[in-house]
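Q: Residue numbers (the numbering used here): 16 to 549. Input: one structure, supplied below.
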């Protein structure tokens, strides 16, 4: 169905849905990545300071527990032996200063030799009392993370050791960590944007580039149209699955509520109707039987931008009109029968007149008497077997038509009065079966048809056999399929004979079966329950 452009105001809401989703996903991914980078950076900074503090404490405790330090402190010049040693320790441990001091804060060592002998700058916390103290403080070397630990000798604090790492050194390592975080964030952002772009492209194809308002308005209008039209409407996708169905189609085809997504072959519909719906060419106004309903079905392939996207099937209820045309069909068949009888009577009358003109009146009287006896005998035979005048008239007409075609038509059995089956239904059954038999014996010899009527209890049985070629097993199975039919010929009302026979049989709780006739061809047997209200 072609897309109709809608005049909508400008703005984000009028952008294609795919573009809106792309922008939304871009913003979401960007927000998540930026938030992740900030959190990762904060976590990296916190970890860097924590690691620096732990390393300073570990180095300070190691120095404080060293025997070298205890020995140097007991001498007269601690600085002489401790300064080179602490310098080596500072280099090996990648720290910025290692300061050994007396309890009065006097420095024995320092990174800057000029600071030796001066007072240590910063807090000592509980270190003089034997505790480990850490802090971030700005000293002579600038802001640093430092640890102060006690030096004990026989359980007595005799000195203090302070180890520190400057903030600038910590920040250099932090920059490396943040750089890795930014690189990972950039990769995640690129992957997220690529995924959003691919999803946007697919969504653009699925929505045909339409905006959300346009989609909403199309859905609202289409839904209103689907549920308001009097015709049944069925939309199938390329694989024959039902995608849209309106209320009228549900009613006409007796579809379940959860029909959407079901293959049309799985809905138990007439094979002919299924074939029409799945057809690749447009079909218009074909008659099909669906349950007890006669439907006029039109189907057409659905295309979008040159692509085949499925099929559109429309359904109209033709049951009531078919009932009226059925009655007209009865009248037509009776008219044809009368025409055949009139044609035969005209031939006989011409023969009688010709014999009289030839001065053979005696032969004319004998011929007329003989023909009258044959006609009366046939009439008595049919009327005796069938007391329903309408059905009797049909059979008399069919007999005349058979005689006209050179076909031997035998009528046997008996149709009791008040059988409980409407004359119209019997005419439909007999007329269609006899017409099919006429077609079956058209090209064979001998041409024989037998009609047998039997009424026993609450069951009426109609058998019509012929001497034609018969039906093979595959054809027999198909002709008895529920609702099977060939296409109707436009304007003739034909092509649904066996379907109508099956419909009448089901309405009377009966059956239709196909077998082999003793004449050599096919035999159709229809059983009807006579107590069912027709």
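Beta carbons: idealized from backbone N, C-alpha and C, even for Gly.
Compare the Cα-Cα distances from residue 328 to each of 460, 268, 373 and 174 and report the closest residue.
A: Of the candidates 460, 268, 373 and 174, the one whose C-alpha sits nearest the C-alpha of residue 328 is 268.
Q: Name the DSSP bridge partner or partners of residue 541?
A: Paired residue(s): 477 and 527.
Q: Among 320, 478, 37 and 72, which residue has its Cα nearest to the Cα of residue 536?
A: Cα-wise, what sits closest to residue 536 is 478.
Q: Do you know how far the Cα of residue 233 is from the Cα of residue 438?
A: Using only the alpha carbons, I get a separation of about 52 Å.
Q: Output the distance between the C-alpha atoms of residue 195 and residue 64, rounded to the nearest integer angstrom.
A: Roughly 18 Å between the two C-alpha positions.
Q: Going along the chain, which residues of its own chain have a beta-carbon closer than 6 Å to the beta-carbon of residue 497, five neighbours each way excluded?
A: Annotation note: pLDDT 43 at residue 497 (below 50); position unreliable, no value reported.
Q: Classify residue 34 as helix, strand or coil using the three-state DSSP reduction.
A: Looking at residue 34 - three-state DSSP - the assignment turns out to be helix.
Q: Below 8 Å on the Cβ atoms is my contact criterion, and I expect residue 325 with residue 315 to pass it. Report the Cβ-Cβ distance as a whole number of Å.
A: Between residue 315 and residue 325 the Cβ distance is about 10 Å, and since that is not below 8 Å, they are no contact.
Q: Mapping DSSP to helix, strand and coil, what is residue 437?
A: Correct three-state label for residue 437: coil.
Q: Could you say if the segment 405-415 and the segment 373-380 meet the contact criterion of at least three C-beta pairs nearer than 8 Å?
A: No: the two stretches stay apart, fewer than three of their Cβ pairs being nearer than 8 Å.
Q: Should residue 541 go down as buried or exposed, given a rule of 16 or more other Cβ atoms within 10 Å for buried?
A: So residue 541 ends up on the buried side.
Q: Residue 119 to residue 134, Cα distance in whole Å?
A: One C-alpha to the other measures close to 8 Å.
Q: From this set, 280, 309, 108 and 235, which residue's C-alpha is nearest residue 252's C-alpha?
A: That would be 280, whose Cα lies nearest to the Cα of residue 252.
Q: Residue 516 and residue 447 - do their beta-carbons sit closer together than 7 Å?
A: A contact, by the Cβ cut-off of 7 Å.
Q: Quick one: what does DSSP say residue 23 is sitting in, helix, strand or coil?
A: Caution applies to residue 23, whose pLDDT of 38 falls short of 50 and renders its modelled position unreliable; the value that the coordinates give is listed next. Note: residue 23 maps to coil in three-state DSSP.
Q: Is the segment 74-81 in contact with the segment 234-247, if contact means three or more CB pairs nearer than 8 Å?
A: These segments do not touch.
Q: Determine the closest residue to residue 449 out of 411, 469 and 435, with distance taken between C-alpha atoms.
A: Measuring from the Cα of residue 449, the nearest candidate turns out to be 411.
Q: Closest by CA to residue 109, which one among 132, 480 and 73?
A: Answer by Cα proximity: 73.
Q: With distance defined between alpha-carbon atoms, name the residue in 44, 181, 175 and 42 nearest to residue 66.
A: It is 181.
Q: Let me know the secondary structure DSSP gives residue 234 once reduced to three states.
A: Helix at residue 234.
Q: Would you check if there are 3 or more beta carbon pairs closer than 8 Å linking the segment 161-174 to the segment 126-133?
A: In short, these stretches do not touch, since the Cβ pair count stays below three.
Q: Any idea what DSSP makes of residue 131, helix, strand or coil?
A: Correct three-state label for residue 131: coil.
Q: Anyone know if the C-beta pair for residue 87 and residue 162 falls short of 7 Å?
A: Cβ atoms of residue 87 and residue 162: not closer than 7 Å.
Q: By alpha-carbon positions, which one of 271, 254, 199 and 520 ends up nearest to residue 289?
A: Nearest option by C-alpha distance: 254.
Q: Measure how close the beta-carbons of residue 257 and residue 275 come, nearest whole angstrom, since I'm counting them as under 8 Å.
A: The Cβ separation is near 6 Å, so the contact holds.
Q: Using 8 Å for Cβ pairs, my map puts residue 423 next to residue 461. What's the rounded Cβ distance?
A: Their Cβ separation, rounded to whole angstroms, is 7 Å, which keeps residue 423 and residue 461 in contact under 8 Å.
Q: Quick one: Cα of residue 93 to Cα of residue 140, how far?
A: Between residue 93 and residue 140, the C-alpha separation is close to 24 Å.
Q: Would you call residue 523 buried or exposed, if buried means 16 or more other Cβ atoms sit within 10 Å of its Cβ?
A: Buried: at least 16 other Cβ atoms inside 10 Å.
Q: When burial is assigned at 16 or more other CB atoms within 10 Å of the CB, is residue 504 buried or exposed?
A: With a pLDDT of only 44 at residue 504, under 50, the local geometry of the prediction cannot be trusted, and no value is derived from it.
Q: Candidates 116, 237, 49 and 465: which alpha carbon is nearest residue 164's?
A: The option with the nearest alpha carbon to residue 164 is 116.
Q: If distances are taken between C-alpha atoms only, which option among 156, 473, 420 and 69 comes closest to residue 456?
A: Nearest C-alpha to residue 456: 420.
Q: Distance, Cα to Cα, residue 506 vs residue 219?
A: In this predicted model, residue 506 has a pLDDT of only 37, less than 50, meaning its place in the structure is not dependable; the value taken from the coordinates is given anyway. Spanning the two alpha carbons is a distance of roughly 47 Å.
Q: Straight-line CA distance for residue 131 to residue 190?
A: Approximately 33 Å between the Cα atoms of the pair.
Q: Give the straight-line distance between the Cα atoms of residue 96 and residue 206, rounded to the nearest whole angstrom.
A: Between residue 96 and residue 206, the C-alpha separation is close to 59 Å.
Q: At which residues does the beta strand (DSSP E) containing residue 430 begin and terminate?
A: No beta strand (DSSP E) contains residue 430, which DSSP labels as neither H nor E.
Q: Taking the continuous beta strand (DSSP E) assigned at residue 282, which residues delimit it?
A: Neither: residue 282 is in no beta strand (DSSP E) and is coded neither H nor E.
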